[in-house]
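Counting from 1, position 350 in the sequence shown corresponds to residue 350 in the working numbering; the numbering is continuous, with no gaps.
Glycine is no exception: its CB is placed at the ideal position from the N, C-alpha and C atoms.
Given the structure is predicted, the values throughout are model-derived calculations rather than measurements.
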Amino acid sequence: MRVLDPGTQAGLPSWARWNSSIRRPYTLGVEEELMLLRPQDRSLGESADWVLTRLPPGLSEHASPETHAAVIELTTGIQLDVAGAARELADFRARLTGELRPVGLVAASAGAYPMGIIGQSRVSHSDRYRAVTGAMRALARREPTMALHVHVGVPDPEQAVRLLNGFRNQVPLLLALAANSPFSQGRDTGFASMRTAIFQGFPRTGTARPFADYADYVRAVDVLIASGALPDPSFLWWDVRLQPRFGTVEVRVMDAQATLSDTIPVVALVQSLARLILEGDYREVPLDEEVLAENRFLAARDGSAALIIDPHQRQLVPVMDLIDELVERCRPHADALGCPDELDQVTRLARSGGAERQRALVEAAGLDGLISALSDCFAEPIAVAQM
1 MRVLDPGTQA GLPSWARWNS SIRRPYTLGV EEELMLLRPQ DRSLGESADW
51 VLTRLPPGLS EHASPETHAA VIELTTGIQL DVAGAARELA DFRARLTGEL
101 RPVGLVAASA GAYPMGIIGQ SRVSHSDRYR AVTGAMRALA RREPTMALHV
151 HVGVPDPEQA VRLLNGFRNQ VPLLLALAAN SPFSQGRDTG FASMRTAIFQ
201 GFPRTGTARP FADYADYVRA VDVLIASGAL PDPSFLWWDV RLQPRFGTVE
251 VRVMDAQATL SDTIPVVALV QSLARLILEG DYREVPLDEE VLAENRFLAA
301 RDGSAALIID PHQRQLVPVM DLIDELVERC RPHADALGCP DELDQVTRLA
351 RSGGAERQRA LVEAAGLDGL ISALSDCFAE PIAVAQM
């Protein structure tokens with residue numbers, strides 16, 4: 001893969017200068033957003049800013065605030081493979097659990113907080129999220145949502161735009177696979193990923209249009225930044241976005257997963273799909289905006305049970321079949337990247353996803369039982385974690 005000559009970036013605005021210091025493609029960085037809970041009443045523990053000040057070295061550098069005061073984010077370092085990301089996330093979840101227990105809190109992971117919230121959600125006091133709150137106003141005080149973000153390293157921005165464009169058609173599949181938020185405000189919403197519907201209230205969400213090249217992307221985004229409407233491109237909350245300062249393409253459409261046993265197959269699929277797009281036989285015509293938007297809605301509503309539009313057949317087809325087909329196309333690339341076993345788990349997740357299991361738990365034990373199960377399984381080892 002070509003590596004950009006830094007001299008060719010001299011004419012770019014500072015925000016658009018691509019970080020090509022990591023010259024190996026397909027490196028990984030994984031971000032998991034999680035909620036803090038009070039176990040005695042299963043309410044949100046809105047004390048993330050205070051918790052973050054207490055974390056010890058080795059963990060504090062990988063934990064950061066989010067918009068809501070009950071949410072924090074755990075972020076891996078740069079990992080060469082899925083196994084490395086899995087080990088680091090497992091360590092973070094275990095250590096965080098140990099740090100929270102003495103202060104009367106627990107952590108849990110899902111796309112949305114299932115219970116009702118009394119009053120407005122409290123927001124973080126960090127500088128970034130004060131800016132978000134100032135700009136988003138009432139939108140920032142909606143109920144908290146949690147996502148799984150996967151960064152894929154790409155040394156060259158032209159290849160990054162190819163990858164950004166290539167991921168567009170697959171956004172509904174990734175969303176359907178990782179749907180894990182059927183409950184919000186104490187009720188079944190009828191959606192598999194209510195997080196998607198809630199987060200859609202923010203501007204600059206959804207799936208970005210295709211870009212002709214990196215110059216086209218820079219032209220489109222720079223007017224937003226140069227005008228002062230946005231501080232930087234991280235305020236673009238697209239399903240998939242470029243992160244020039246990291247040299248990554250960030251896939252953000254997935255709900256946070258309850259267990260690492262569910263997180264890791266999604267990471268493996270994203271990494272393998274990236275290699276398929278850039279090095280495999282990937283010649284898909286970008287979906288029309290109307291078809292992509294409808295497929296994204298259907299995936300959020302119905303998860304892996306969704307029927308989505310096949311524009312060539314002009315009919316609805318099971319998203320499960322498309323996920324199976326995508327896994328097969330990705331298999332040689334998973335072999336090359338060293339994650340074939342993790343990719344194999346995608347089929348298991350698609351057939352018994354988080355939203356389906358949440359509903360089964362609520363039917364058996366109510367919403368209180370669901371909250372307990374989510375916190376109980378948060379730090380379980382990958383091999384045994386089952387919600």
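(1) If you measure between the beta carbons of Leu-55 and Glu-99, is that distance less than 8 Å?
(2) Just how far apart, CA to CA, sit Thr-67 and Ala-192?
(3) Would you call Arg-241 buried or exposed, if buried means 16 or more other Cβ atoms sit within 10 Å of its Cβ?
(4) Would you report the Cα separation of Trp-237 and Pro-231, rounded to the nearest angstrom?
(5) Which one or two residues does DSSP pair with Arg-38 in a beta bridge?
(6) Is it buried or exposed for Thr-53, if we count other Cβ within 10 angstroms and need 16 for buried?
(7) Count the CB pairs spanning the segment 242-252 and the segment 14-25 that are closer than 8 Å, and state whether there are at least three.
(8) Using C-beta distances below 7 Å, list every residue in its chain close to Thr-248, excluding the 5 sequence neighbours before and after it, in chain order.
(9) How would you label Gly-228, buried or exposed, when you count the other beta carbons within 10 angstroms and need 16 or more for buried?
(10) Between Ala-336 and the rest of its own chain, which residues show a CB-CB distance below 7 Å, the 5 nearest in sequence each way excluded?
(11) Comparing C-alpha positions only, which one of Pro-203, Gln-159 and Met-254 sits nearest to Asn-180?
(12) Can you tell me the Cβ-Cβ gap for Val-267 and His-149, rounded? I've got them flagged as a contact below 8 Å.
(13) Quick check on Glu-66 - is its C-beta less than 8 Å from some C-beta in chain D?
(14) Roughly how many angstroms separate the alpha carbons of Asn-295 and Asp-321, rounded to a whole number?
(15) Across which residues does DSSP place Pro-318 in a beta bridge pair?
(16) Give the straight-line distance between the Cα atoms of Pro-70 and Ile-277, rounded to the nearest whole angstrom.
(17) Using C-beta distances below 7 Å, list every residue in its chain close to Ala-385, excluding the 5 sequence neighbours before and after it, in chain order.
(18) Would Ala-178 be called buried (16 or more neighbouring beta carbons within 10 Å of its own) or exposed?
(19) Rounded to whole angstroms, what's the CA-CA distance from Pro-65 to Ile-225? Just pull it up for me.
(20) When DSSP labels each residue in this structure, what does Asp-335 get in the three-state scheme?
(21) In whole angstroms, what is the alpha-carbon distance linking Tyr-214 and Gln-170?
(22) Considering only the alpha carbon of each residue, which of Ala-108, Gln-271, Thr-189 and Arg-95 lies closest to Pro-332?
(23) By a C-beta neighbour count over all protein chains shown, 10 Å radius and 16 as the cutoff for buried, is Gln-257 buried or exposed?
(24) When DSSP builds the beta bridges, which residues end up paired with Asp-188?
(25) Which same chain residues, not among the five before or five after Gly-116, have their C-beta less than 7 Å away from its C-beta?
(26) Kindly indicate which residue of Gln-79, Gly-303 and Asp-281 has the alpha-carbon position closest to the one of Leu-349.
(27) I need the boundaries of the alpha helix (DSSP H) containing Ser-261, first residue and last residue.
(28) Kindly indicate which three-state DSSP category Gln-386 falls into: helix, strand or coil?
(29) Along the chain, where does the alpha helix (DSSP H) containing Val-51 start, and where does it finish?
In this structure, then:
(1) Going by C-beta atoms, Leu-55 is nearer than 8 Å to Glu-99.
(2) When rounded, the distance between both Cα atoms is 23 Å.
(3) Its Cβ being crowded by 16 or more others within 10 Å, Arg-241 is buried.
(4) Straight-line Cα distance between these residues: approximately 13 Å.
(5) Partner residues in the beta bridge of Arg-38, as assigned by DSSP, are Ser-43.
(6) Of the residues assessed, Thr-53 falls on the exposed side of the cut-off, its CB having fewer than 16 other CB atoms within 10 angstroms.
(7) Between the segment 242-252 and the segment 14-25, the count of Cβ pairs shorter than 8 Å is three or higher; the stretches touch.
(8) Excluding residues within five positions, the ones whose Cβ falls inside 7 Å are Gly-29, His-151, Val-152, Gly-153 and Val-154.
(9) Looking at its Cβ environment, which holds fewer than 16 other Cβ atoms inside 10 Å, Gly-228 is exposed.
(10) Excluding positions up to five away in sequence, the list reads Arg-275.
(11) Closest by alpha carbon: Met-254.
(12) Not confirmed; about 10 Å, so no contact.
(13) Reference to chain D is not applicable here, since this structure consists of a single protein chain.
(14) For Asn-295 and Asp-321, the distance between alpha carbons rounds to 14 Å.
(15) Leu-307, per the DSSP bridge assignment.
(16) The question names Pro, but residue 70 in the sequence shown is Ala. Rounded to the nearest whole angstrom, the CA to CA distance from Ala-70 to Ile-277 is 37 Å.
(17) Residue placement at Ala-385 is poorly supported in this model, since its pLDDT is 43, which falls under 50; the coordinates are not used for a value here.
(18) Here Ala-178 is buried, its C-beta having at least 16 other C-beta atoms within 10 Å.
(19) Spanning the two alpha carbons is a distance of roughly 23 Å.
(20) The answer is helix: DSSP assigns Asp-335 an H, G or I state.
(21) Spanning the alpha carbons of Tyr-214 and Gln-170 requires a straight line of approximately 21 Å.
(22) Check the Cα spacing between Pro-332 and each of Ala-108, Gln-271, Thr-189 and Arg-95: the tightest is with Gln-271.
(23) With 16 or more Cβ atoms within 10 Å of its Cβ, Gln-257 is classed as buried.
(24) BP columns for Asp-188 point to Phe-183.
(25) Its chain contains Gln-185 and Gly-186 as the residues whose beta carbon lies nearer than 7 Å to that of Gly-116, once the 5 sequence neighbours on both sides are disregarded; these appear in chain order.
(26) Nearest of Gln-79, Gly-303 and Asp-281 to Leu-349, Cα basis: Gly-303.
(27) Counting along the chain, the unbroken alpha helix (DSSP H) around Ser-261 starts and ends at 260-279.
(28) Below a pLDDT of 50, predicted positions are generally treated as unreliable, and Gln-386, at 45, falls in that range; the measurement from the model is reported next regardless. Coil.
(29) Where Val-51 is concerned, the enclosing alpha helix (DSSP H) starts and stops at 48-54.
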